[in-house]
Every structure is written in structure tokens, then in C-alpha cells.
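Chains as they are written, first to last, in the working numbering: chain A, 1 to 327; chain B, 1 to 327.
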């Protein structure tokens with residue numbers, strides 16, 4: 001394709017690598033450069049994509065159509081989002097739910113001033129899950145929406161496990177409780193806390209000679225992380241950990257049970273089962289990069305979310321093709 | 001609410017009744033009148049909504065913001081869609097997939113000329129299923145999308161059963177084949193015909209003294225309808241039919257299994273389990289009526305599909321609320 005969308009990537013962790021890989025699956029896109037705060041000479045990037053120090057980003061103003069920001073929500077994006085939106089169309093996966101309105105305002109101000117389009121909080125939650133929560137509620141206003149996460153590797157909880165005395169290595173999976181999901185599907189509209197929706201499944205490698213009973217107790221009673229949850233601890237060997245627990249799976253399900261007419265039950269579900277969480281999030285970011293490019297061409301400047309983007313803009317297909325092939 | 005969206009309903013079958021019921025669940029909307037080709041005096045309409053003969057529709061030009069067309073796709077909509085779009089913003093559930101491009105052009109011409117907004121082919125398939133097919137394919141281009149229908153009552157196949165000699169009454173449910181769904185979830189990307197994805201489950205009331213073996217044989221060997229399918233026939237009494245088979249359930253699932261990176265499997269599913277098919281379709285139509293109203297206010301004239309509508313426009317919530325509460 002002659003006229004490809006030129007994409008830049010800011011940050012080269014798991015998400016940035018996933019974006020590069022996803023771009024190679026989309027023939028209308030081309031990765032131009034990866035921008036890093038590290039010494040770009042130390043980065044090995046596939047597909048002959050250039051590594052650049054982030055301080056050189058301005059020189060790419062006319063060479064890049066959309067910049068995909070792959071930094072974290074805690075410290076990277078609050079700074080990079082508003083500053084890069086002054087120069088480029090951007091996509092990010094900002095996921096600190098409580099601070100989204102504030103982040104939106106900051107990015108919106110920059111993007112309105114520069115005339116660029118910035119789609120924030122793209123991914124699966126926020127992102128595809130958010131879209132589904134909205135459609136479910138809009139279509140079936142008499143009903144209730146539930147989000148269950150997992151089976152998924154939780155970085156925060158895995159770190160907490162690893163901090164326990166006597167633990168050499170370990171991972172934690174968050175798993176939805178089947179009975180809770182069934183109650184929702186049955187239309188009971190239950191009140192469910194996060195702890196009533198999920199249990200925590202830990203796989204732990206103990207240090208040699210460590211007191212396993214104490215480790216298990218220390219994990220299960222840890223406040224905030226495990227004490228309120230049903231928690232299971234399984235001890236495994238280091239080899240087993242490497243072999244069976246080195247992926248980053250995640251996923252979840254959004255369930256809505258509503259009623260129409262004289263009480264007819266209507267259920268909607270959207271679910272994801274992902275073998276690689278960062279690669280999937282990256283794939284969503286890349287699809288929305290296409291939308292940002294198109295909206296920018298139409299002059300739709302400012303910050304946007306998945307709620308503002310006409311769905312067809314994320315597809316490589318034209319509106320005519322979509323009507324013919326997928327509607 | 002003072003400033004409600006005034007809605008008109010064209011046609012008062014199951015779908016029209018579902019629309020009236022759905023409007024009562026949406027506090028920002030008001031049903032103004034139902035338009036019919038029958039003698040309006042013969043219609044009993046709930047909630048004090050007026051019944052009008054369709055020939056009076058022009059008199060409502062300034063009283064109705066959006067007209068929801070509840071006629072069938074075979075003969076009603078091809079005529080009503082383009083003609084009513086000359087006067088009103090419209091929503092319809094046109095579902096003859098193969099003729100959508102042609103129908104789109106006809107409605108588009110009228111709506112462009114009148115400056116109105118017409119969203120066509122709204123419902124669940126086409127509609128919410130179409131949206132999901134598109135998102136799945138756009139996010140995971142290396143993968144394949146499958147649509148399974150059911151468990152659902154099929155009108156066409158039920159009619160076919162009832163035409164068999166010796167059959168007094170009967171219904172037919174289309175049911176997805178679990179093993180086929182599992183193969184898709186496993187990422188096998190199988191080639192599956194409609195017959196390999198679904199079986200046909202018939203409940204039949206025989207005339208007194210009829211030859212049940214012959215009935216079963218006649219059904220199972222009927223060309224087009226049953227011969228290519230795994231078909232099950234169960235004889236029941238008239239009482240059982242009334243008691244257990246008088247609802248119009250439907251639903252289905254869209255499954256996509258894709259791959260990212262070095263072959264990580266990523267699965268997406270969207271499913272519906274509906275106790276009332278027409279009431280659910282009606283609920284989707286009503287949510288999109290809100291979107292048509294808003295797009296019309298912005299001057300976005302012409303025919304649209306779910307691919308063109310920014311998702312947030314279907315929600316009663318403002319963009320700010322959506323970002324704060326659902327993103």
C-alpha cells in the first residue's frame with residue numbers, strides 16, 4: 001500500500017513491543033520510529049524500525065501521523081499525554097479510572113490548541129469493556145451490569161506474594177467465581193463486592209527450608225491484597241513456574257441482565273480470554289490509531305474516548321465494504 | 001423531563017409493541033403516536049398513545065423528532081424507509097443482509113434531500129452483532145469470526161413444520177452445536193457451513209390419528225429447511241405447546257479467535273440470550289433513536305448504520321458522565 005499511516009511508538013516495554021507486532025498485522029500502517037528515554041543504541045527493534053531518543057520527537061512532526069503512547073498511567077502518561085498532544089495525534093491506554101476526567105481535560109486542552117486528535121484510555125478496560133458496559137445499559141436500562149476480571153495474572157498481587165518472607169518467586173491469578181456469574185445470569189441482580197466476584201489463585205516457589213505453612217498464612221491474611229478474598233496457595237518448583245506461568249494471560253467478562261416488557265429476561269455478555277494481555281491491548285491501540293488518523297483528517301480536534309469514535313473508523317475496510325460484508 | 005424526544009412508531013405488530021414498551025423505560029423519550037395501515041379505531045394502545053392512520057403521517061412533521069419503522073424487510077421497509085425519510089429522522093431494522101447496500105442508497109438519497117438522519121439496519125443482527133464482528137476483525141486481523149444463532153425460535157422453519165401433512169401445530173428452535181463452538185474457541189479456525197454450526201429442534205403437535213413416523217420423516221427430509229441439518233423431532237400435546245413454547249426466545253454468539261505476537265491465542269465473544277426477540281430488537285431501536293435525534297441536531301444528514309454512530313450518542317448519559325462512570 002502506497003499511502004500508509006505512519007505510526008510512532010513512545011516507550012518500548014511489553015506494550016510498545018506489542019504495538020510494533022500489531023502494526024505488522026495491519027497492511028495500511030507503517031511503524032516509523034520508537035522513542036525512548038533510554039540510550040536508543042541499546043534497543044534492539046525488529047523490522048528495521050528506528051530507535052530515537054525521546055528528545056528528538058519534534059523532528060518527526062511531519063513524518064508521523066499518529067503517536068501511540070505506551071507508557072504507564074502512574075507517572076508517564078500524565079506528563080506525556082498532554083505534552084505530545086501538542087505535536088501529534090495520539091493514542092494511549094490511560095487506565096487510572098478515577099482520574100480519567102482530569103486526564104481528559106489536560107489532553108483535550110493541548111489537542112484543541114494544536115488541532116490534533118487524541119484518543120485516550122483505549123484498550124480493553126478501559127476500552128472495549130467500557131463500550132460494552134455503555135451499550136448494555138443503554139439498550140436495557142432496567143438491568144444491571146457486572147464486570148468480572150480474569151482468569152488473569154495480576155502484577156500487583158504477584159509482587160505482593162513475592163514480598164512475603166520465604167518466597168523465592170511466585171504469581172497470582174485473579175479468577176472470577178463461577179457461582180457469582182451464574183447468579184448474575186439468572187437475573188438475580190445481586191449486590192457483589194469485588195471479593196465476592198473473584199478468588200485469588202497463587203503459585204509460589206518457596207526458598208529452601210522455608211516454613212510453607214507460615215508462607216501460606218502470611219499470604220492469606222495480608223490486608224488489602226488477600227485477607228478479604230478467597231485465596232488458594234499452591235507450592236510449585238522453579239521449573240514449573242518457568243514452564244507453566246511465564247505468560248501474561250488476562251481477560252474477563254461483562255455481563256448485563258435486564259428485563260423488557262412484562263418481565264422478559266434479556267442477557268448480554270462480552271468476554272475476553274487472552275493469552276497475552278499487553279499484545280491484546282496493543283492490538284486495540286493500533287486499530288484506534290487508524291480512527292485517530294481519520295478523525296484528524298476530518299478536523300475533529302481535541303481529546304476523544306471510545307465513546308466518541310464512530311466504530312467504522314477503526315476498521316481497515318471502507319464504509320461501503322462494512323455495509324456489504326459485515327452488517 | 002421537560003424536553004423529551006418525541007417518537008413516532010410506524011406499524012404495531014410485535015416489534016411496534018416492543019418499541020412502545022421500551023420507550024417507557026427511557027425517561028428522555030415520549031411516544032407520540034402509532035401509525036397504522038389498519039383502521040386506527042381497532043387498535044388498543046397502552047399509555048394513552050394516539051393511533052393514527054398512516055395517511056396522516058405528514059401532519060406530524062413538527063411534532064415528532066424520530067420515527068421508528070417497525071415494518072418487515074420483505075415489503076414494508078423497501079417502500080416506507082425511503083418515503084418516510086423524506087419527512088422524518090428514521091430508525092429501522094432492515095435485515096435482508098444481501099440487499100442492505102441497495103436499501104442504504106435508497107434511504108440515503110431521501111434523507112440527504114430532506115436533511116434528515118436515518119439509521120438503518122439497527123437491532124442485534126444486523127446491529128450489535130455487526131458491531132462486534134467489525135471490532136473483532138479490526139482488533140485481531142489474524143483470526144476468524146463466527147456467528148452462531150440460537151437458541152432461537154425460527155418463524156420460517158416453524159411455518160415449514162406446520163405445513164407438513166398431519167401436523168396440527170409446532171415450533172422449531174435453531175440451536176448452536178456446542179462442539180463447533182469449542183473448535184472455534186480452541187483456535188482451530190475450522191471451515192463450518194451453517195448446517196455444521198446449528199441443529200434444528202422441533203416440537204410438534206400431531207393431528208389425531210396422524211402417522212407420527214411419517215411426519216418425522218417428512219420434516220427431516222424437507223429440502224432447504226431440514227435435509228442438510230441434524231434435526232430432532234419431539235411430539236408434544238397442545239397443552240405443552242401452549243405452556244412451554246409460546247415465547248419468542250432468541251440469541252446467539254459471535255466468536256473470534258485470533259493470534260498476536262509469536263502465536264498467542266486471543267479470544268473475543270459477544271453473546272445474547274433473549275427471552276423476547278422482538279422486545280430486545282425494539283430496545284436497540286429505541287436507544288438508536290436517541291442517536292438519530294442527536295446526529296440530526298448536528299446536521300449529520302443522510303443514511304447511517306451502526307458503524308457511523310459514535311457509541312456515546314445511544315446513551316442517555318452525557319459524554320462527561322460516560323467518561324466518569326463507565327469508561
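Cβ atoms here follow ideal geometry from the backbone N, Cα and C, with glycine treated the same way. No experiment lies behind these values; they were computed from the predicted model shown.
**Request:** Measure how close the beta-carbons of residue 100 of chain B and residue 121 of chain B come, nearest whole angstrom, since I'm counting them as under 8 Å.
**Result:** Yes, they are in contact, since the Cβ atoms of residue 100 of chain B and residue 121 of chain B sit about 6 Å apart, within 8 Å.
Suppose the cutoff is 7 Å on Cβ atoms and the five residues either side in sequence are ignored; what does the same chain contact list for residue 242 of chain B look like? For residue 242 of chain B, where only same-chain residues beyond five positions count, there are no Cβ hits under 7 Å.
### Task
Go ahead and label residue 157 of chain A buried or exposed: buried means 16 or more other beta carbons lie within 10 angstroms of its beta carbon, across all protein chains shown.
It counts as buried.
Tell whether a beta-carbon distance below 7 Å holds between residue 289 of chain B and residue 68 of chain B. In contact: residue 289 of chain B and residue 68 of chain B (Cβ atoms closer than 7 Å).
Please report the Cβ distance between residue 237 of chain A and residue 205 of chain A, rounded to the nearest whole angstrom; I am assuming they are in contact, meaning their Cβ atoms lie under 8 Å.
Distance from residue 237 of chain A to residue 205 of chain A at the Cβ level is roughly 7 Å; contact confirmed, criterion being Cβ atoms closer than 8 Å.
Examine chain B for any beta-carbon lying closer than 7 Å to the beta-carbon of residue 248 of chain A, and answer yes or no. So no, residue 248 of chain A is outside the interface.
Would you report the Cα separation of residue 2 of chain B and residue 298 of chain B, rounded to the nearest angstrom? In this predicted model, residue 2 of chain B has a pLDDT of only 49, less than 50, meaning its place in the structure is not dependable; the value taken from the coordinates is given anyway. Roughly 21 Å between the two C-alpha positions.
request  = Could you pull out every residue in the same chain whose Cβ sits closer than 7 Å to the Cβ of residue 273 of chain A, ignoring the five residues on either side in sequence?
outcome  = So the qualifying residues of the chain are 251.
Under 7 Å by beta carbon: chain B residues contacting residue 280 of chain A
260, 266, listed in chain order.
> Is it right to say residue 263 of chain B is buried, meaning 16 or more other beta carbons lie within 10 angstroms of its own, or is it exposed?
Replying inline: So residue 263 of chain B ends up on the exposed side.
Own chain, CB closer than 7 Å to residue 212 of chain A, minus 5 neighbours either side, in chain order: If we look at residue 212 of chain A and ignore the five residues flanking it on each side, its Cβ neighbours are 206, 235.
Quick one: does the C-beta of residue 324 of chain A sit closer than 6 Å to a heavy atom of the ligand ZN? You won't find the ligand ZN in this model; it holds no ligand whatsoever.
Quiz item: Does DSSP put residue 157 of chain B in a helix, in a strand, or in coil?
Solution: In the structure shown, residue 157 of chain B sits in a helix (DSSP, three-state: H, G or I).
task: Would you kindly work out how many angstroms separate the C-alpha atoms of residue 117 of chain A and residue 303 of chain A, rounded to a whole number?
output: Rounded to the nearest angstrom, the two C-alpha atoms are 6 Å apart.
### Segment limits, beta strand (DSSP E) that includes residue 350 of chain B
Outside the shown range of chain B (1 to 327) lies residue 350 of chain B, about which nothing can therefore be said.
Next on the checklist: Just checking: is the beta-carbon of residue 125 of chain A within a distance shorter than 7 Å of some beta-carbon in chain B?
Outcome noted: False, the Cβ-Cβ gap to chain B never drops below 7 Å.
inquiry  = To the nearest angstrom, how far is the alpha carbon of residue 180 of chain A from that of residue 196 of chain A?
reply    = Straight-line spacing of the CA atoms in residue 180 of chain A and residue 196 of chain A works out to 7 Å.
| Which runs of the alpha helix (DSSP H) fall wholly inside the segment 181 to 237 of chain A and span at least 4 residues, in chain order? | Taken in chain order, the complete alpha helix (DSSP H) segments of 4 or more residues contained in the segment 181 to 237 of chain A are 194 to 197, 212 to 220.
**Study point:** 7 Å Cβ shell around residue 134 of chain A - same chain, five flanking residues per side excluded
**Key:** Excluding five sequence positions before and after residue 134 of chain A, the CB atoms of its chain that fall closer than 7 Å to its own CB belong to 307, given in chain order.
Contact the segment 10 to 22 of chain B vs the segment 33 to 52 of chain B: 3+ CB pairs below 8 Å:
Taking a cut-off of 8 Å for Cβ pairs, the segment 10 to 22 of chain B and the segment 33 to 52 of chain B touch, as three or more such pairs fall below it.
Please say whether residue 184 of chain A and residue 268 of chain A have beta carbons closer to each other than 7 Å?
With contacts defined as CB atoms closer than 7 Å, residue 268 of chain A and residue 184 of chain A fail to qualify as a contacting pair.
Min CB distance residue 318 of chain A to chain B below 7 Å: Chain B contact via Cβ: absent.
*Pull up the DSSP beta-bridge partners for residue 302 of chain B, would you.*
Beta-bridge pairing links residue 302 of chain B to B:117.
Handout entry: Under 8 Å by beta carbon: chain B residues contacting residue 133 of chain A
Key = Chain-ordered, the chain B residues with CB closer than 8 Å to the CB of residue 133 of chain A read 326.
Leaving out the 5 sequence neighbours to the left and right, which residues in its chain are closer than 8 Å to residue 137 of chain A when beta-carbon positions are compared?
Beyond the five residues adjoining it in sequence on each side, residue 137 of chain A comes within less than 8 Å, by CB distance, of 143, 145, 256 in the same chain, given in chain order.
Own chain partners of residue 309 of chain A with C-beta closer than 6 Å, once the 5 adjacent residues on each side are dropped: The residues are 291.
So with Cβ pairs under 7 Å, would you call residue 159 of chain B a contact of chain A?
Residue 159 of chain B does not count as touching chain A.
Quiz prompt | Host beta strand (DSSP E) of residue 280 of chain B (start-end) | solution = In this chain, residue 280 of chain B is not harboured by any beta strand (DSSP E); it is covered by the alpha helix (DSSP H) spanning 277 to 297.
The segment 139 to 160 of chain A: which residues have C-beta closer than 8 Å to a C-beta of chain B, in chain order? Those would be 139, 140, 141, 142, in chain order.
Handout entry: Backbone secondary structure at residue 57 of chain A - three-state DSSP
Key = Three-state DSSP puts residue 57 of chain A in a helix.
Who are the neighbours of residue 315 of chain B on chain A, taking C-beta pairs under 8 Å? At a beta-carbon threshold of 8 Å, the residues of chain A lying near residue 315 of chain B are 134, 137, 138, 307, ordered along the chain.
Pairwise C-alpha distance: residue 65 of chain B and residue 293 of chain B:
One C-alpha to the other measures close to 7 Å.
What are the residues that DSSP puts in a beta bridge with residue 29 of chain B? DSSP lists B:5 as partners of residue 29 of chain B.
#### Entry: Distance between residue 23 of chain A and residue 42 of chain A (C-alpha atoms, nearest Å)
Cα-Cα distance, rounded: 22 Å.
| According to DSSP, what are the bridge partners of residue 268 of chain B? | Looking at the DSSP assignment, residue 268 of chain B forms a beta bridge with A:272, B:256.
- For residue 319 of chain B, which three-state DSSP category applies? Assigned with DSSP and collapsed to three states, residue 319 of chain B falls in helix.
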